[in-house]
Amino acid sequence: MTESLLSVRNLKVDFRLNDGTVSQAVTHAVRGVSFDVPVDSTVALVGESGSGKSVTALAVLGLLPKPNARVLSGSSIVYRNRELLGLTPRELTALRGAEISMVFQEPMSSLNPVFSVGFQLIEVLKKHLGFDGKRARARAIELLREVGIPDPYIRVDAYPHQLSGGQQQRVMIAMAIACEPRLLIADEPTTALDISVQKQILTLLYELRQRRQMAMLFITHDLGLVAEIADQVVVMRDGEIREQGAVTQIFSAPQDAYTKALLACRPPLNRRPLRLPVVEDFLRGAEPGIDTAERRRGVRGGAEIILEVNALSKHFHFREGLLRKREFKALANASFKLAKGKTLGVVGESGCGKTTLALTLMRLTPASGGSALFEGRDLLSLTPEQAMPYKRRIQIVFQNPYASLNPRFTAGQILMEPMRIHGIGADEAARVNISLDLMRKVGLPQPAFFKYPHEFSGGQRQRIAIARCLTMQPDVLICDEAVSALDHSVQAQLLNLLQDLQDEFGMSYIFISHDLAVVKYMSDEVMVMKDGAIVEMNDADAIYANPKNSYTKQLLASLPGQGAAVVGGAVS
Amino acid sequence: MTAYMIRRLLQFVPTLLGVVLLVFMLFNWIGGDPAYLLAGKMSNPEQIENIRRQLGVDQPYYVQLWIFITQVVTGDFGVSWATNEKVSTIFATRLGPSLTVLLPMLIVGTLLSMVMALLVAYRRGSLTDRAIMIGCTVGQSISILVYIIVFQYVFAFQLGWFPVQGWGQDFVTNLIKFSALPVLVGVAVSLAPDTRLYRTFFLDEINQDYVRTARAKGMSESRVMGVHVLRNAAIPIVTHVMIQLPALLAGAFLIERFFSIPGIGREVLLAVERSDFPVIKAVTVYVALATLIFNLLADILYKAVDPRVQLK
Amino acid sequence: MTLVRVFTAILLAATLAACGERASPPVVSDGADSKAGKVLRLTFQVAETGFDPVKVSDYYSGLVISAIFDSLLTYDYLARPAKLKPNIATALPRITDDGKTYTLTLQQGVYFTPDPAFKGLPHNRRELIAADYVYSIKRFLDPKNRSPYAFLFEGKIVGLDKLAEAAKKSGRFDYDAVVAGLEAPDRYTLRIRLTEADFNFSHVLAFSLVGAVAREAIEAYGDDTNAHPVGTGPYRLQRYMPSSKIVLEKNPGVRDMFWHAEPGDNAADLQIATRMEGKKLPQIDRVEISVMDEAQSRWLAFQRRETDIEYQLEELAPKFMTMDGKLKPEYAGQGIRMERSVDAEIIYLFFNTQEKIGDKPNPLGGFTPEKIALRRAVAMAYNIEDQIKIIRKGQAIRAYYPIPPGVAGHEPQYRNSIAYDPRLANALLDKFGYRRSADGYRQQPDGKYLILKYYSSPSERDRQFDELMKRSLDAIGVRVEIHKDRFAELIKLANQCRLMMKHATWIADYPDGDNFMQLLYGPNTGQTNSACYRSSAFDARYEKSRRMPDSAQRNQLYREMTRQMEVDTAWLLTDSRYRNVLLQPYVIGYKKSAVNAAEWMYMDIGAKEPR
Amino acid sequence: MSAVMTHETSPGLWALAWRRLRRDRVGMVSLVVVCAYLVVVAAAALGWIAADWPREVGVNYAPPGFAGADAPPPQGSLTPLPTAAAADEPGIVDPLADVLAELRKGLAAAPDAQARAATLPLGGDKWGRDVLKKVVKGTETSLVVGMVAALLAVLIGTVLGAYAGYYGGRMDDFLNWIYSVFTSIPYLLLVLAIAAVLNQKGTLTVILILGLTGWTGIFRLVRAEYLKHRTREYVLAADAIGTSNAQRMFAHIFPNVSHVVLVQLSLHVVLFIKSEVILSFLGFGVGVETVSWGSMLNESQSELILGKWWQLAAATTAMAVLVTAFSLFTDALRDVLDPRLK
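Protein chains in written order, with the working numbering: chain A, 26 to 597; chain B, 2 to 313; chain C, 139 to 749; chain D, 10 to 351.
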């Protein structure tokens with residue numbers, strides 16, 4: 026290994042869970058982490074939520090939230106032979122942005138909304154390079170061009186909200202590289218972006234690093250991404266390093282069970298195992314062999330149709346000018362059929378109308394036109410009273426497990442409520458029995474019945490949400506990004522559960538996600554949406570193998586491992 | 002933008018109509034009959050009837066309401082029943098003194114509490130922060146009446162630093178000499194709650210991601226707080242101040258009364274005591290209008306300081 | 139950028155503040171400020187309403203009006219009881235025709251202050267003539283002016299009411315019409331013919347609001363006459379910020395007047411007379427009046443010598459006075475003087491004597507013995523001594539007689555027949571069957587719930603009266619409910635005989651007993667007789683008294699009437715307030731006017747020594 | 010079957026909030042102070058203490074005990090004139106003359122007036138009433154006024170805000186119209202107008218004035234909360250399972266905005282206690298049958314300059330301590346109920 030630019034030794038960070046009161050529980054966010062970032066290379070810090078990866082990154086720049094976080098003694102962060110822990114504020118500010126800079130996850134909130142991007146760039150140049158206003162502005166425009174912002178002369182005066190998410194992240198990167206730092210720390214720089222944009226940003230970072238010969242500490246939860254960009258990989262879990270090594274070694278011969286699990290739990294693109302391996306399997310030591318049995322997907326002609334959607338539209342109106350109204354078509358003429366017992370995957374980037382489709386089908390927002398025939402009746406034209414018996418037949422699981430359960434209800438209350446409304450179960454005792462039964466089915470322990478949502482993890486909450494739907498024995502279950510907010514290892518568990526339930530109850534799924542791999546794994550048919558319209562629909566395997574629409578092609582091209590040097594994601 | 006303004010201005014109409022109706026009902030229908038007061042010490046029914054005719058209060062309610070609405074539209078509220086002074090003159094002449102006290106009070110108070118709030122927000126959780134916050138809470142818990150009584154007694158009377166009360170003829174004298182103590186009282190009263198409020202504004206901003214970005218860029222703490230945080234926190238503060246002003250116009254009556262400042266608030270009290278309906282009507286409508294306009298101004302100003310805001 | 143806006147706002151405020159003054163009479167252009175000369179600074183505790191004599195009724199507006207306008211007659215500055223004296227008239231009126239015709243001759247060479255209204259005349263001014271008084275008196279009855287003092291002339295002057303009646307019909311008062319009872323046979327003679335004999339009409343002519351206005355000015359200023367007084371008096375309005383600041387300056391063209399008065403037999407009067415006699419009037423060049431609502435502010439201001447004279451500090455009196463009515467030595471030592479007098483007013487608690495209030499029975503009204511007993515018991519239970527000692531802070535004297543000191547007809551030796559005696563009041567109520575129910579409060583003799591309603595306005599002062607009333611009536615087991623309403627509303631209710639019990643104040647319009655005794659005259663119910671008291675015994679005597687000049691016979695009638703009122707217990711007379719006027723050491727010649735007129739023209743400012 | 014399960018008590022959000030509050034020292038001290046006041050209020054309301062506050066036990070303006078007594082004032086200069094019989098004027102007959110004469114004879118000699126204290130613990134007011142007892146009684150009135158008025162305002166604001174925010178559209182337009190009308194009218198005029206309409210009826214009027222004018226801020230906040238919550242996924246989920254609008258508004262959303270309402274309730278108690286003082290100054294305070302901090306401060310306005318500072322000091326202190334404690338408690342409450350801490 027070459028000369029080390031940054032070396033972290035035995036880093037320990039404690040967090041006080043602060044709510045303004047005196048003594049608090051302390052969590053050990055980072056428990057003795059050591060790794061090196063060599064000159065002119067990329068080190069990826071990989072881990073799921075709570076692994077301590079971001080805390081480690083923030084500790085390098087001394088940006089840990091002041092009153093709550095504490096770096097324990099014995100820790101050491103050495104940058105070019107200088108100990109960073111214990112620098113004076115003045116020394117730190119001289120270092121930040123000049124020698125070491127950082128890019129964050131949420132570009133929108135990380136840029137100051139009330140200053141133009143030019144102002145924010147110029148600020149750095151003035152501070153560290155001592156440029157005067159004119160020179161700084163010229164340099165800012167140059168930087169914007171370098172990170173690929175079109176029309177940099179104009180955009181330099183734009184405010185962050187006037188740029189797209191990808192452009193905002195480019196501006197962040199421009200700010201980070203403005204003073205030619207030797208080390209760039211990128212903390213999940215692509216996570217908040219649409220898939221097609223993710224790819225561009227990754228490429229940009231990759232190229233910049235190469236061109237400028239700076240080192241990069243790349244932090245991510247997505248092991249798949251790492252393959253394309255990193256030289257070294259550090260895998261973290263619960264504040265500790267599970268494994269570190271060269272990227273090829275990690276991908277080809279992972280030593281740690283957790284690393285192995287992380288690699289295996291993503292749905293592969295080229296196969297469709299009956300079950301996805303989960304972390305527990307690996308940690309238990311019972312490393313599952315490659316399951317050769319595969320699930321057959323696809324809708325064959327003549328399948329029974331449970332839901333037929335025709336020309337479904339949803340328009341929103343915005344005021345424009347004094348009297349004019351601008352129409353925004355969130356959903357335009359969507360028509361499709363859902364086969365009984367099958368899964369229809371819906372993919373598309375943010376704003377494509379996926380969620381509007383779900384809400385409209387659920388009658389949660391009124392449709393502007395079209396019909397949705399369920400057992401021959403148009404669900405959308407029913408009166409609220411008429412719709413009541415159909416309500417339980419179509420149910421939905423939402424994306425955010427933290428928002429979709431009423432925090433003031435216990436799990437039991439959440440499960441009992443729909444049964445009471447629809448008169449399911451003979452009496453309360455019967456309903457309690459059904460609830461407990463379902464809870465077991467979705468993998469929740471019995472005492473959970475009396476617990477409140479905040480006592481559950483994200484995955485457990487989604488299980489409750491699923492159980493809530495099951496109480497009504499729906500025929501159609503819409504999963505609106507139901508697993509997107511979860512860690513990959515948890516995603517796998519939930520996907521397995523959904524699959525098991527479909528097998529048991531024969532429900533039809535409308536599976537909405539931006540995650541192409543997950544959709545492919547789960548779906549019989551896939552529907553691609555863009556700007557409120559369905560651009561392509563076909564059997565899952567067909568569409569992935571042979572996309573017809575140019576947009577579909579573009580989307581699929583952004584899948585990790587498609588056309589990149591290193592084959593990642595679904596390494597076999 | 003123009004379309005937005007026009008639409009907002011059109012929205013004034015129903016609100017003003019509501020104000021007109023409510024005021025008309027409250028004061029005309031159920032409120033007092035000024036004829037007896039105006040009739041003087043020895044009034045006979047005939048005189049009362051004459052006065053009622055002169056004032057137009059003998060007309061059916063719908064006619065009076067219609068007259069009121071015409072007055073609102075034309076902006077001509079006629080003359081005060083008590084003094085025969087033109088109502089528009091009353092309003093115009095009382096506005097100056099009110100503003101001479103209110104604006105310095107608002108400006109000094111806002112600046113002071115902003116500085117205090119910024120300081121304690123930066124040192125949040127520290128002993129200073131807690132001490133100042135508890136001090137503010139205590140300060141806030143004392144009635145404005147006590148502030149006025151005690152300040153007037155101590156600063157004007159015992160120490161003689163200020164005139165006890167009064168109002169002069171030229172702006173500078175009024176501002177320097179007569180407004181000083183009322184402004185001081187006003188600032189003392191508003192300092193505690195405003196500091197507390199602005200502190201929360203600052204705290205909301207301090208935890209934002211862009212602050213971390215600014216630090217990561219190597220900006221000094223003073224620049225982070227004084228430029229990045231301040232500019233963002235200024236948005237709710239400016240709005241708060243703008244929206245306060247019309248309410249203060251009639252709301253500073255205690256200060257105006259104790260310091261004999263011929264402002265709007267004192268005029269309102271006088272008008273109510275005298276059942277001077279034209280003045281009450283005018284003040285209500287003007288203040289309501291001012292409230293609406295200042296709300297609109299606050300929104301426009303909001304746009305000026307916050308580029309994210311789109312006025313549609 | 140925010141700052142720029144703020145400064146714009148300040149500039150705007152400055153502009154507004156500069157426009158904050160109402161335009162003063164535009165002729166005043168000389169640097170009156172620079173040669174201000176002797177300045178008298180004082181305060182009003184209540185805002186004035188304006189300076190058009192026919193449009194105002196409040197005390198403070200009246201004071202300013204008395205300094206700007208001239209009435210035909212006036213009162214001697216020092217003589218007490220008040221003594222009439224010619225002012226614009228060359229002598230007291232010739233009263234002929236058995237008190238029905240009044241003839242006066244005016245001084246020549248008296249001019250109105252210059253004003254643009256007199257455009258075209260030399261120096262923009264005009265001489266005062268008898269026709270001005272004709273016009274000025276007519277204005278009181280013009281319906282458009284809705285004058286609060288119309289009653290001074292209503293039904294009194296031959297032919298004038300007919301003109302007013304016609305004006306009500308046509309909507310326009312014909313000032314050019316000839317009125318038989320109001321004539322100016324020549325430029326300087328005024329003849330007034332009354333509908334019936336009235337020997338007190340001279341008081342009306344001396345009333346400060348019956349001053350001469352100029353028709354040109356009134357017509358020129360239209361609705362705004364309240365802010366543009368144009369008179370002949372010693373002062374004119376120089377600067378006016380309504381409800382805040384009034385500045386008077388010496389009328390530059392004032393007629394020659396010299397200080398002369400008849401001092402009473404006391405040292406104070408004599409001292410004033412020695413210092414002032416023969417001086418040219420007025421001595422004070424400028425009077426600056428500020429309106430200050432709060433007594434605390436006024437007292438602090440006086441103490442810091444921001445004001446020269448302080449008229450009324452009732453509730454703060456203990457601050458500067460000892461219990462026996464002297465100025466405290468620490469203030470006397472500074473040379474501050476106090477001029478103490480009793481106001482020509484009475485304060486009384488009236489009981490509604492009508493049997494019904496609206497359509498509900500009035501537990502307090504009627505003339506059956508048990509109703510009188512209830513009123514008497516209330517009167518005996520009400521603790522006047524506490525009212526004077528605690529609410530008035532000792533700054534009032536007991537009132538026993540409906541006519542206060544200093545007013546013709548006052549009886550200093552009169553003995554009241556109702557004394558404070560709650561024990562007797564209790565016994566009286568027991569006797570008449572007002573039994574106590576379980577909660578300790580009394581019922582009506584017929585077993586009905588007894589509840590008395592006392593009315594007052596929502597001020598801190600009135601709250602003290604409420605407390606006293608409740609304490610007093612609790613002592614005899616009578617339940618009282620306090621009703622609060624705005625002043626205007628209370629007047630309305632009083633005129634409609636809808637108030638059961640309330641304190642009322644009557645301040646003399648002119649120093650004659652009739653002004654007070656009419657308060658109990660039956661036909662004045664609905665006007666000034668708030669007790670709605672109707673007693674044939676009283677009314678007969680009152681009617682008789684009206685046809686008499688001030689005399690012993692009239693006083694005898696007044697005594698009987700007073701006794702009758704006591705027997706029927708329509709009122710409980712409580713007190714008349716002291717007026718403790720504080721004067722800075724250099725203020726000379728102050729004596730409280732016998733009527734509501736300004737003293738400033740008779741006063742002077744001496745040299746101010748450093749404090 | 011539920012009987013089989015061991016009923017583990019699981020801490021709900023309220024219980025968690027309480028746990029957090031228990032750890033907040035300032036918050037707990039404030040709570041204790043507020044509770045102490047409530048105990049005093051309860052005791053006063055039940056008549057256990059200060060029931061005899063109207064009794065005049067001291068000399069007028071008796072100074073507080075620690076300040077020492079004033080020199081006794083010289084005996085009253087008011088010597089009333091002897092009374093006369095009505096009959097001394099000819100022709101005037103007093104119908105009660107005989108009765109009175111008879112009764113007068115029956116009355117024994119007047120008992121000696123009770124001796125009055127020269128000093129009182131916290132001084133006396135102008136009638137010689139005990140300021141300490143007045144403060145206690147005033148605490149009762151002011152706190153009750155503040156709490157009941159706050160409840161009223163919160164009730165109005167919450168119900169209207171819930172309807173406006175939840176339903177949106179026409180309902181929102183209409184309620185917003187009422188809101189903007191109320192907020193556009195100068196508060197002073199609104200108070201005076203409503204006071205005039207209600208007529209003076211004592212404590213209840215004060216509560217009504219404060220409640221009817223003070224709901225607007227709560228309305229705005231609750232409306233915003235409902236606007237936010239009605240599109241939250243848990244509400245959509247509740248809609249999806251077929252709950253009614255009323256169930257969603259009150260059973261689902263309300264518990265989740267209740268912390269906002271609770272904090273507003275607490276804030277408004279303080280606000281209204283302070284507003285009561287201003288109402289008293291305007292003459293629309295409580296009636297003479299009771300006493301409040303506002304009426305005391307208002308009385309003491311003119312007393313201070315006479316050197317009688319104790320009523321001002323007592324009322325101000327009592328109020329400052331409560332309001333401070335209440336405000337600090339509100340802060341603590343806001344902190345522990347902050348949904349971000351869940």
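All residues carry an ideal CB built from backbone N, CA and C; glycine is no exception. Everything numeric in this text was worked out from a predicted model, so none of it was measured.
Legend entry - chain B contact residues for A:F129, given Cβ-Cβ distances below 9 angstroms: D210, R213, T214, A217
Inset, instruction - Compare the C-beta of A:I210 against all C-beta atoms of chain D and say whether one is closer than 8 angstroms. - result: no
Inset, instruction - For D:E242, decide whether its Cβ has a neighbour in chain A, counting only Cβ atoms nearer than 8 angstroms. - result: yes
Legend entry - Closest residue to D:A322 among D:S275, D:L331, D:L306 (Cα-Cα distance): D:L306
Legend entry - Contact set for B:M106: own chain, Cβ-Cβ below 7 angstroms, skip 5 residues either direction: These residues qualify, in order along the chain: V184, G187, V188.
Legend entry - A:S610 at chain D interface by Cβ criterion, 8 angstroms: Past the edges of chain A, shown from 26 to 597, lies residue 610 of chain A, and the structure says nothing about it.
Legend entry - Alpha-carbon to alpha-carbon, C:E303 and C:R284: 13 angstroms
Inset, instruction - Name, going along the chain, the residues of the region 8–19 of chain B whose beta-carbon falls closer than 7 angstroms to a beta-carbon of chain D. - result: P15, T16, G19
Inset, instruction - Please report how far the alpha carbon of D:A45 lies from the alpha carbon of D:W57, in whole angstroms. - result: Approximately 15 angstroms between the Cα atoms of the pair.
Inset, instruction - Please go through the region 129–212 of chain D and give each complete beta strand (DSSP E) segment of 3 or more residues, from N-terminal end onward. - result: none
Inset, instruction - Note the first and the last residue of the continuous alpha helix (DSSP H) segment covering B:Y63. - result: 62–75
Legend entry - Residue-level contact to chain B via CB, D:T148, 8 angstroms cutoff: no
Inset, instruction - Determine, using beta carbons only, whether A:R297 and A:R320 come nearer to each other than 8 angstroms. - result: yes
Inset, instruction - Grab me the residues of B:L293's own chain with a C-beta within less than 7 angstroms of its C-beta, minus the 5 sequence neighbours each way, in chain order. - result: F13, T16
Legend entry - Sequence-distant residues of its chain with Cβ nearer than 6 angstroms to C:Y671 (five each side left out): Cβ-Cβ distances below 6 angstroms link C:Y671 to T491, L658, A708 in the same chain, with the five nearest sequence neighbours on each side left out; the list follows chain order.
Inset, instruction - With DSSP as the reference, label A:Y104 as helix, strand or coil. - result: strand
Inset, instruction - Could you tell me which chain A residues have their CB closer than 8 angstroms to the CB of B:D300, listed as they occur along the chain? - result: Ordered by position in chain A, no residue passes the 8 angstroms Cβ test against B:D300, which lies about 15 angstroms from the chain.
Inset, instruction - Closer than 9 angstroms, Cβ to Cβ, to anything on chain C: give me those residues from the region 270–301 of chain D, in chain order. - result: S289, F290, L291, G292, F293, G294, G296, V297, E298
Legend entry - Beta carbon proximity, D:L213 to chain B, threshold 8 angstroms: no
Inset, instruction - Would you list the one or two residues that DSSP bridges to A:M497? - result: Beta-bridge pairing links A:M497 to no other residue.
Inset, instruction - Please name the residue in A:R418, A:Q438, A:Q280, A:I559 whose C-alpha comes closest to that of A:G531. - result: Answer by Cα proximity: A:R418.
Inset, instruction - Report the residue ranges of all beta strand (DSSP E) runs contained in full by the region 83–161 of chain A; include only those spanning at least 3 residues, in chain order. - result: 94–96, 101–104, 125–128
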